[in-house]
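Numbering (the working numbering), first residue to last: 180 to 331.
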């Protein structure tokens, strides 16, 4: 069994897979650090990375629901109480909405959500993007864990 890469790989897909693998093995900080290069390289690589992470969630959702009726959505909880997704902070809200759009084959909606998050040109946008990527990363790690048959 080979060791999980700790630095970005030549192939972006391998970098994303390594990042998720680190999350699965209990080292999410290293995994997230591997994703930093995508963000540093700009919006195109960032949204592509977000799409890849959402695709990992889609694989798990499709495996668990091979014949879904209707559309995929997220149940949101705040402080243990059911809440509207719209009531979540911007980062987690983005992750839930982006992933739901991606799961439902609405890539243009997913891209619009990404653009709305990053094109506001407000000081808090960088923090919102970081929180969104972090939440999306956690969804992908959880999805990968569920495919493996375990939980974090």
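In this text, a Cβ means the ideal position worked out from N, Cα and C, and glycines have one as well. Just so you know, these numbers come straight off a predicted model, no measurement behind them.
- When the beta-carbon positions are compared, residue 281 and residue 227 stay at least 8 Å from each other.
- Classified as exposed, residue 222 has fewer than 16 neighbouring CB atoms from the shown chains inside 10 Å of its CB.
- Here residue 251 carries a coil assignment [DSSP, helix/strand/coil].
- The Cβ atoms of residue 315 and residue 242 lie no closer than 8 Å to each other.
- C-alpha of residue 200 to C-alpha of residue 320: approximately 8 Å in a straight line.
- The region 188–203 and the region 250–257 do not touch, with fewer than 3 CB-CB distances between them shorter than 8 Å.
- Rounded to whole angstroms, the separation of the alpha carbons of residue 309 and residue 302 is 13 Å.
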